[in-house]
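Right, one structure below, let's go through it.
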């Protein structure tokens with residue numbers, strides 16, 4: 521019997537640690553989906569997901585208040601990354617932003633995302649990492 525390299529069992533058998541695989545949205549076989557897109561093909565599902573994410577950000581991230589943060593005029597990027605777990609929930613949200621208040625607001629926005637249909641790899645639900653860059657301009 522060959523031991524599973526991703527599974528560690530304590531000698532007493534009391535504790536078990538299982539490291540779950542996570543895959544990138546870019547290379548996943550069957551991507552996570554918004555529930556409204558459950559019947560789309562893989563190719564259409566990825567495009568639909570990206571488009572819905574863009575719409576979600578446009579609908580939920582108001583940049584008007586960012587003018588009062590003391591940032592100079594120009595284009596700014598916010599880098600967000602999150603994981604969609606095996607049940608379709610958002611976990612492990614990471615945000616890199618040009619100001620702490622922006623980081624906090626984007627974090628709260630990402631938490632408002634709906635539950636998704638999880639991604640699948642080899643026919644099994646799997647955690648999926650999604651990167652969402654956001655660009656905004658201060659005039």
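Numbering (this note's numbering), first residue to last: 521 to 659. No residue lacks a Cβ here, since even glycine has one placed at the ideal position from N, Cα and C.
Put simply, of 576, 552, 582, 565 the residue whose alpha carbon is nearest the alpha carbon of residue 603 is 552.
Close CB contacts of residue 634 within its chain, under the 8 Å cut and outside five residues either way in sequence, are with 554, 555 (chain order).
Here the alpha carbon of residue 547 sits roughly 15 Å from the alpha carbon of residue 561. Look at residue 563 here: in three-state DSSP terms it is helix.
Each of 590, 639, 644, 654 was checked against the Cα of residue 565, and the nearest Cα belongs to 639. Under the DSSP definition of a beta bridge, residue 594 partners with 658. The segment 640-651 and the segment 578-589 do not touch, with fewer than three beta-carbon pairs separated by less than 8 Å. Residue pairing from DSSP places residue 640 in a beta bridge opposite 550, 645. Residues of the same chain with a CB within less than 6 Å of the CB of residue 623, apart from the 5 flanking positions on each side, are 615, 617 in chain order. The beta-bridge partner set that DSSP reports for residue 544 consists of 649. Assigned with DSSP and collapsed to three states, residue 605 falls in coil, not helix or strand.
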